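Comments concern the structure below.
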Amino acid sequence: MYWKELTTGIYPWDMHDEGIETILDNLQQYAGNNAAYMLAIMHHEKRPLHDNYYHHNPVRKRYLAEDSRSYFTIHPESYTNSRIKPQPSDREFLKGVDWLEIFTQALRKRGMSPGAEISHTPLDSVRGAGEFADCIQRDIYGNPPAHGYFSNQQLCWNSPDARAYMCAIATDLVTHYDIDMIQTCSFLLNQGQLNLHPFLGVALGGCFCASCEKEARKAGMDWDLVRKTVRHYADIMKRATLESNEDWLLLQRGNSSAVMFLIEHPELYHWLKFRSESITRYFKELSEAIHAANSKVDFRFNTCWPEAEFIGQDLTQIGKYVDSIRIMDYAEQSGDEERVLNKGRWLSNVRRQVGEEKIIIDSIAPRAKATPDLIKKGIRTVALGGADGLAYGFYDGATIERLKAIREGMEDCEIQLRNI
Numbered sequence: 078m079y080w081k082e083l084t085t086g087i088y089p090w091d092m093h094d095e096g097i098e099t100i101l102d103n104l105q106q107y108a109g110n111n112a113a114y115m116l117a118i119m120h121h122e123k124r125p126l127h128d129n130y131y132h133h134n135p136v137r138k139r140y141l142a143e144d145s146r147s148y149f150t151i152h153p154e155s156y157t158n159s160r161i162k163p164q165p166s167d168r169e170f171l172k173g174v175d176w177l178e179i180f181t182q183a184l185r186k187r188g189m190s191p192g193a194e195i196s197h198t199p200l201d202s203v204r205g206a207g208e209f210a211d212c213i214q215r216d217i218y219g220n221p222p223a224h225g226y227f228s229n230q231q232l233c234w235n236s237p238d239a240r241a242y243m244c245a246i247a248t249d250l251v252t253h254y255d256i257d258m259i260q261t262c263s264f265l266l267n268q269g270q271l272n273l274h275p276f277l278g279v280a281l282g283g284c285f286c287a288s289c290e291k292e293a294r295k296a297g298m299d300w301d302l303v304r305k306t307v308r309h310y311a312d313i314m315k316r317a318t319l320e321s322n323e324d325w326l327l328l329q330r331g332n333s334s335a336v337m338f339l340i341e342h343p344e345l346y347h348w349l350k351f352r353s354e355s356i357t358r359y360f361k362e363l364s365e366a367i368h369a370a371n372s373k374v375d376f377r378f379n380t381c382w383p384e385a386e387f388i389g390q391d392l393t394q395i396g397k398y399v400d401s402i403r404i405m406d407y408a409e410q411s412g413d414e415e416r417v418l419n420k421g422r423w424l425s426n427v428r429r430q431v432g433e434e435k436i437i438i439d440s441i442a443p444r445a446k447a448t449p450d451l452i453k454k455g456i457r458t459v460a461l462g463g464a465d466g467l468a469y470g471f472y473d474g475a476t477i478e479r480l481k482a483i484r485e486g487m488e489d490c491e492i493q494l495r496n497i
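Heads up: the sequence shown is residues 78 to 497, going by our numbering.
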C-alpha cells in the first residue's frame, strides 16, 4: 500500500525551544515523516493541548499561545484589497523572525515536503470585538456566538471583508514561501447547541449579521420568515418565552424527526441550504485566489466536525474546489478502543462525498490517553478504509514511544510512502 504522505503540525515555539533540526531528526528517525506543516497563524491555546507538560521540550513545561498571531513575514502587497491585516507576534522570543522561512528551508534540505496552516481563528478577539466587529458572526439575538474561549472570532464568510482577508493571507503564503500545501481549518458557521435537541439546537446556529441578510435577500429567501421561525425555536431552547416547564418537557420528549421539522417548516431547509451555499462560495473564492497565485500548491481543507450539515459544510460541493481533505479524527486520545475501530465510518462518509479520486489524509492522535496499541489500530483502520495518507496531531504532545508506534503501525500494514 502506498501513501502520499505522513505529516504533522509544528509550532514556532517548538522550533525555538527544540530547534528545527532536532525536531526533524525525531520526525524522520522515529515516526518516518516525509512531510510536515507549520502553523503560520495560530489561535489562542495551551500547548501541549491534552497533557500538563511537554515530553521533549528542553526549555519549558507548557506554553500558552497568543491570540491569533502570525509567524511569517507579512508582505503588504498581498493585502492591497484586504481591510484586515494579520497581527504579528508580540512575544520577545518569537517576534521579528520569519519562522515559516526557517521551517521550509530546513525541510527542503532533507527532501521533505513543507506546508503551512491557517488555523481556526485568523482574527484575534480584541479586533473582532472592536475594529472588525462587522465581520463577526451574529446569532439570532445579535450576539457573537459562544464557542469556548473563541469569543468575537468566528468570521462570517458572507462578509466580503472576511473572505478578502483569508484570500490575502493564503495568497501571501503561497506566493512568498516554498510550500507544497496550504491548509485551512476555519470555523465555518456556528452550529448552535445540538445537545439541547437532536435537530432544533440548530436553530441557535447560523449567522444573522447584516452581510448574511443581504446575501439571503439577494438569493430570494424569505428572510423575515426564517428569522421568525428560528427565533421561535431559539426562545424555546433558551426558555425565554416558556410559561411553564411543561412545554420544555414536551419538546424534549417529542418524537418528531429532523425530516418532520423540515416538512413543517420548509424555511428551515432553505436556511440550512443557504448556509451550505455560503460556505461553498467561500471555498470557491479562496481556491481561485490560491491557485491563481500558485497553481501547483495543494489546497487542503481540514474537516473537524462530524455534524457538518449544521455548519454549512457540504463536501459534495466543497470537494470541487479543494485538492485534498484532512479528517481531524483524534479518537486515539480518548483511550477508547471502540471509537478507534469506528474511525472508518467518518472516512467512508467523506469518501462517499468527495469521490474516489480526491486525496484524503486521515488522522490519528499520539497524545493524551493514546497507547502504542491504539495508535497501531488507528493506522490499520484508516489504511483498510482507503485513506491516501496520514496526519498526526501533534508532534508536541507525542512521546518518543508513540512516535515509534506510528512507524511500527505503518510497517505492520506494509505501507510505503511515495517519493516527494
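Glycine included, each C-beta is placed from N, C-alpha and C at the ideal position. If you're wondering where the values come from, they're calculated on a predicted model, not measured in any experiment.
**Prompt:** Helix, strand or coil: how does DSSP classify residue 86 here?
**Reply:** strand
**Prompt:** Excluding five sequence neighbours on each side, which residues of the same chain lie with their C-beta closer than 6 Å to the C-beta of residue 435?
**Reply:** 396
**Prompt:** Since residue 140 sits in a beta bridge, which residues does DSSP pair it with?
**Reply:** 124
**Reference residue 206; option with closest CA among 442, 223, 154** = Selected option, being the one with the closest Cα: 223.
**Request:** Return helix, strand or coil for residue 222, following the three-state DSSP convention.
**Result:** coil
**Asked** Whose C-alpha, out of 470, 104, 126, 132, is nearest the C-alpha of residue 476?
**Response** That would be 132, whose Cα lies nearest to the Cα of residue 476.
**Prompt:** Ordered along the chain, which non-local residues of its own chain (more than five positions away) have a Cβ less than 8 Å from that of residue 392?
**Reply:** 380, 385, 402, 427, 430, 431
**Request:** Could you name each continuous alpha helix (DSSP H) segment of 4 residues or more that falls completely within the region 190 to 262, going from the start of the chain to the end?
**Result:** Qualifying alpha helix (DSSP H) stretches, in chain order: 202 to 206, 237 to 253.
**Message:** What would DSSP say about residue 114, mapped onto helix, strand or coil?
**Reply:** Residue 114 falls in the strand class under three-state DSSP.
**Request:** Sort out for me which residues DSSP pairs residue 378 with in a bridge.
**Result:** 261, 402
**Contiguous beta strand (DSSP E) assignments of at least 3 residues, all confined to the region 349 to 396** = 375 to 380
**Request:** Classify residue 487 as helix, strand or coil using the three-state DSSP reduction.
**Result:** helix
**Message:** Which residue wins for smallest C-alpha separation from residue 450, given the options 466, 347, 413?
**Reply:** 413
**Message:** Check this for me: beta carbons of residue 314 and residue 280, under 8 Å apart or not?
**Reply:** Yes, the pair counts as a contact, with Cβ atoms nearer than the cut-off.
**Asked** Pairing CB atoms from the region 102 to 122 with CB atoms from the region 480 to 487, are three or more of them under 8 Å?
**Response** yes
**Asked** Which stretch, first to last residue, makes up the alpha helix (DSSP H) that contains residue 465?
**Response** Note, residue 465: premise wrong, no alpha helix (DSSP H); not H, not E.
**Asked** Counting pairs of Cβ atoms below 8 Å between the region 237 to 255 and the region 345 to 356, do you hit three or more?
**Response** no
**Prompt:** Start and end of the beta strand (DSSP E) containing residue 334?
**Reply:** Looking at the DSSP string, residue 334 is not in any beta strand (DSSP E), and its letter there is neither H nor E.
**Request:** With distances taken Cα to Cα, identify the nearest neighbour of residue 474 among 112, 126, 116.
**Result:** 126
**Prompt:** Should residue 496 go down as buried or exposed, given a rule of 16 or more other Cβ atoms within 10 Å for buried?
**Reply:** Exposed, because fewer than 16 other Cβ atoms sit within 10 Å of the Cβ of residue 496.
**Asked** So, is residue 215 buried or exposed, given that buried needs 16 or more other C-beta atoms within 10 angstroms?
**Response** buried
**Request:** Would you decide whether residue 340 is buried or exposed? Buried here means 16 or more other CB atoms lie within 10 Å of its CB.
**Result:** Here residue 340 is exposed. Its C-beta has fewer than 16 other C-beta atoms within 10 Å.
**Message:** For residue 209, which residues in the same chain have their Cβ closer than 8 Å to its Cβ, ignoring the five residues on either side in sequence?
**Reply:** 160, 161, 200, 238
**Prompt:** Taking the alpha-carbon positions, what's the residue 198 to residue 265 distance?
**Reply:** Each residue's alpha carbon lies about 10 Å from the other.
**Prompt:** Cα separation between residue 60 and residue 165?
**Reply:** Given a span of 78 to 497 for the chain in the structure shown, any question on residue 60 remains unanswerable.
**Request:** Please specify which runs of the beta strand (DSSP E), each continuous and at least 3 residues long, are wholly inside the region 426 to 450, giving them in chain order.
**Result:** 436 to 441
**Message:** For residue 491, count the other beta carbons within 10 Å of its own beta carbon; 16 or more makes it buried, fewer makes it exposed. Which is it?
**Reply:** Exposed, since its Cβ has fewer than 16 Cβ neighbours within 10 Å.
**Message:** Less than 7 Å between C-beta atoms, sequence neighbours within five positions excluded: which residues of the same chain meet that for residue 300?
**Reply:** Excluding its 5 nearest sequence neighbours in each direction, residue 300 has C-beta neighbours in its own chain below 7 Å: 290, 293, 294, listed in chain order.
**Prompt:** What are the boundary residues of the alpha helix (DSSP H) that residue 311 is part of?
**Reply:** 300 to 314
**Environment of residue 453 [buried if 16+ CB atoms lie within 10 Å]** = Buried.
**Item:** Other residues of its chain near residue 282: CB distance less than 6 Å, five sequence neighbours each side excluded
**Value:** 267, 268, 269, 387
**Request:** Give the straight-line distance between the Cα atoms of residue 244 and residue 250, rounded to the nearest whole angstrom.
**Result:** 10 Å
**Message:** Please report the distance separating the alpha-carbon of residue 389 from that of residue 399.
**Reply:** 16 Å
**Asked** What are the start and end residues of the alpha helix (DSSP H) that includes residue 161?
**Response** Premise fails: residue 161 is in no alpha helix (DSSP H) and is neither H nor E.
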